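Asker: Take 101 as the starting number for the sequence shown in my numbering and just add one per residue.
Could you have a look at this structure, given as structure tokens, before my questions?
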Amino acid sequence: MLKILLPTLLLPPTALLSPAKFLWINTTTHSLLIALLSLHWLLPTYYPNKILTQWTGMDQISSPLLTLTCWLLPLMILASQNHLQHEPAPRKRIFILTLTLTQPLIILAFSATELMLFYISFEATLIPTLALITRWGSQPDRLSAGIYLMFYTLISSLPLLITILALHSQIGTLHLLMMKLNHPTMPHSWTGLLSTLALLLAFMVKAPLYGLHLWLPKAHVEAPIAGSMLLAALLLKLGGYGIMRMTLLMNPLLSHLYYPFITLALWGALMTGSICLRQIDLKSLIAYSSVSHMGLVIAASMIQTPWSFSGAMILMISHGLTSSMLFCLANTNYERTHSRILLMTRGLQPLLPLMATWWLLANLTNMALPPTTNLMAELTIMTALFNWSTPTIILTGTATLMTALYTLYLLLTTQRGTTPTHITRLQNSNTREHLLMTLHILPLILLILKPDLMSSMPQ
């Protein structure tokens, strides 16, 4: 753990002390080396907990997400180079500093084995994200997006804090391993119902559950590219991870509590799919597709079977890389055409043929075409849900159909059709962008060869 944490903590000094000429090279290389070093976390072990220290530890639920966290930082730095090129050097440093401060907080959140530490790091990730959106967003609406993000997160997190403190006074410890041995049984009363609800609500907002998702499209649309990647690939996964952790602890859940959550999640997957079909904003469409995919993750986490947990974990990793790649592609379009409106940026395939290939690959992955890990995850989740309750196949099947429809709509609108008359010439795609897309798609292709690296089977 230390061989990742120490280089990560040395990233902010690297960003502050590097000469302006080598700023991007140094930070990207440093973070890429950390990412390559973190791949050993994926190796399966005989023991349920790897690298166990007093407050942090890793098991099969957290190790794939920790590797994803380390893998995405160099990609965020790579993606941000173009839109920061006209900024003065101190602002570039502060931007990279904000990004590099987020990583240790997320690593701490995913590896904490003590609930209070997990809560603190879970909340602390809000600060750099808020700074990214409200300082480096491109539109005036970024302030209202930041307020939405902050208030949704804080209001849902206060009940979580109160319940964690109540648990501590009830059991005497907040250590996850101790709580596994001494199951905190929630009483079948209003207090038990409300405390279980409070434990889940903060993560439902973060995931987000349909109905609590209003902050997400706003935050995504207003955030700079690094902010969008951070939100889609990592912060939403914090919600899914929290649900998986809490449902394992609160076993068995009160049955009348998780029915509404599963219903909302599956119905939300369907509704956000239909919302995507009538979106005119490119980033907004990709943001709503995230809500749809995370709905499946929430539903799978709530039914608590080994198959559903496995499917939820694979979908979280696959969706993290896929949606991040889609946001990067949307950003390359935005940097060239200065518009996110789909009708203004259509028919770009003749002008950027190599980018069209990346668009095709990203969209096929998003709609879960074989042999991608997305397909494996969706099939696993659908099987687990079908086994739990037969009628869910209607909702999950229709949601899959909707996903295919809006993904094809996205691909055809951006790449096909007549090019608008105001687009006469565009800057060519460059090596940095192709490297960025390769580093997104390569793990997805390689992981299907050995998917058990990320299929978390809770011990």
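Don't be surprised by glycine CBs; every beta carbon is placed ideally from N, CA and C.
Quick caveat, the model's predicted, so the values are computed rather than measured.
1) Report the residue from Thr234, Leu357, Ile380 whose alpha carbon sits nearest the alpha carbon of Gly327.
2) Straight-line CA distance for Thr156 to Leu460?
3) Helix, strand or coil: how does DSSP classify Glu223 here?
4) What separation, rounded to the nearest whole angstrom, lies between the Cα atoms of Ile325 and Thr128?
5) Could you work out which residue in Ala468, Ile545, Thr437 is closest to Asn528 when comparing CA atoms only?
6) Can you give me the C-alpha to C-alpha distance between Leu316 and Thr432, rounded to a whole angstrom?
7) For Leu277, collect the residues of the same chain with a Cβ closer than 7 Å to its Cβ; drop the 5 residues on either side in sequence, then sort them by chain order.
8) Between which two residues does the alpha helix (DSSP H) harbouring Arg378 extend?
9) Per the contact definition of three or more C-beta pairs closer than 8 Å, is the segment 186-198 in contact with the segment 151-165?
10) Tell me whether Ile441 sits in a helix, a strand or coil according to DSSP, three-state version.
11) Do the CB positions of Met416 and Lys306 come within less than 8 Å of each other?
12) Under a Cβ-count criterion, where at least 16 other Cβ atoms within 10 Å of its own Cβ denotes burial, should Ser562 be classed as buried or exposed?
13) Taking just the CA atoms, how far does Leu370 sit from Ile502?
14) Would you mind working out which of Lys318, Thr145, Thr473, Thr405 sits nearest Pro240, comparing C-alpha positions?
15) Would you grab the beta carbon distance between Met304 and Leu312 for me? Rounded to a whole angstrom, and I think it's under 8 Å.
16) Can you grab the Cα-Cα spacing for the pair Gly246 / Leu226, in whole Å?
17) CA-CA distance, Asn126 and Leu111?
18) Distance check for Leu184 and Leu106, CA to CA, integer angstroms please.
19) Suppose you measure from the CA of Met482 to the CA of Ile493; what does that come to, to the nearest Å?
20) Give me the Cα-Cα distance between Trp124 and Met101, rounded to the nearest whole angstrom.
21) CB-CB under 7 Å to Tyr388, same chain, minus the five flanking residues each way: which ones, in chain order?
22) Can you have a look at Leu539 and say buried or exposed, based on whether 16 or more other CB atoms are within 10 angstroms of its CB?
23) Three or more beta-carbon pairs under 8 Å between the segment 256-265 and the segment 214-221, yes or no?
24) Within 10 angstroms of its Cβ, does Ile255 collect 16 or more other Cβ (buried), or is it exposed?
Answerer: So, from the listed chains and residues:
1) Here residue 327 is taken as the residue at index 227 of the sequence shown, counted from 1. The shortest C-alpha separation from Gly327 is found at Thr234.
2) Within the sequence shown, the letter at position 56 stands for residue 156. Within the sequence shown, the letter at position 360 stands for residue 460. Straight-line Cα distance between these residues: approximately 40 Å.
3) For the purposes of this step, residue 223 is taken as residue 123 along the sequence shown, with counting starting at 1. Helix.
4) Mapped onto the sequence shown, residue 325 falls at position 225. Mapped onto the sequence shown, residue 128 falls at position 28. In a straight line, the C-alpha of Ile325 is about 16 Å away from that of Thr128.
5) Counted from its first residue, the sequence shown places residue 528 at position 428. Comparing alpha-carbon positions, the option among Ala468, Ile545, Thr437 lying closest to Asn528 turns out to be Thr437.
6) Against the sequence shown, residue 316 aligns to sequence position 216. Against the sequence shown, residue 432 aligns to sequence position 332. One C-alpha to the other measures close to 21 Å.
7) Along the sequence shown, one-based indexing puts residue 277 at 177. So the qualifying residues of the chain are Thr213.
8) One-based indexing of the sequence shown puts residue 378 at position 278. Where Arg378 is concerned, there is no enclosing alpha helix (DSSP H), given that its DSSP letter is neither H nor E.
9) As far as the Cβ criterion goes, the segment 151-165 does not touch the segment 186-198, which means the pair count is below three.
10) Reading the sequence shown from its first residue, position 341 is the one you call residue 441. Per DSSP, reduced to three states, the secondary structure at Ile441 is strand.
11) Taking the sequence shown and counting its residues from 1, one reaches residue 416 at position 316. Taking the sequence shown and counting its residues from 1, one reaches residue 306 at position 206. Their beta carbons are not under 8 Å apart, which means Met416 does not touch Lys306 by this criterion.
12) Because the chain here runs from 101 to 559, residue 562 falls outside it and cannot be looked at.
13) Position 402 of the sequence shown, counting from 1, holds the residue named residue 502. Position 270 of the sequence shown, counting from 1, holds the residue named residue 370. Rather than Ile, the amino acid found at residue 502 in this sequence is Met. Taken atom to atom, the span from the alpha-carbon of Met502 to that of Leu370 is near 7 Å.
14) Position 140 of the sequence shown, counted from the start, is the residue given in the question as residue 240. Each of Lys318, Thr145, Thr473, Thr405 was checked against the Cα of Pro240, and the nearest Cα belongs to Lys318.
15) What you label residue 304 is simply residue 204 of the sequence shown in a count that begins at 1. What you label residue 312 is simply residue 212 of the sequence shown in a count that begins at 1. With a beta-carbon spacing of about 6 Å, Met304 and Leu312 fall inside the 8 Å limit used to define contacts.
16) Start at 1 with the first residue of the sequence shown, and residue 246 comes out as number 146. Start at 1 with the first residue of the sequence shown, and residue 226 comes out as number 126. In this structure, the straight-line span from the alpha carbon of Gly246 to that of Leu226 is close to 10 Å.
17) Translated into positions along the sequence shown, residue 126 becomes position 26. Translated into positions along the sequence shown, residue 111 becomes position 11. So the alpha carbons of these two residues sit roughly 9 Å apart.
18) Residue numbering aside, residue 106 sits at position 6 when the sequence shown is read from its first letter. Residue numbering aside, residue 184 sits at position 84 when the sequence shown is read from its first letter. If you take the alpha carbons of Leu106 and Leu184, they lie about 27 Å apart.
19) On the sequence shown, residue 482 is found 382 positions in, with the first residue counted as 1. On the sequence shown, residue 493 is found 393 positions in, with the first residue counted as 1. Distance between the alpha carbons of Met482 and Ile493 is about 7 Å.
20) As a position in the sequence shown, residue 124 is number 24, starting the count at 1. As a position in the sequence shown, residue 101 is number 1, starting the count at 1. Trp124 and Met101: Cα-Cα distance of roughly 26 Å.
21) The residue given as residue 388 occupies position 288 in the sequence shown. Shown here for Tyr388: same chain residues with a beta carbon closer than 7 Å to its own, the five before and five after excluded, namely Pro317, Thr372, Ile375, Cys376, Gln379 in chain order.
22) Numbered from its first residue, the sequence shown carries residue 539 at position 439. Buried is the call here.
23) Cβ pair count under 8 Å is three or more, so yes.
24) Here residue 255 is taken as the residue at index 155 of the sequence shown, counted from 1. Burial call: exposed.
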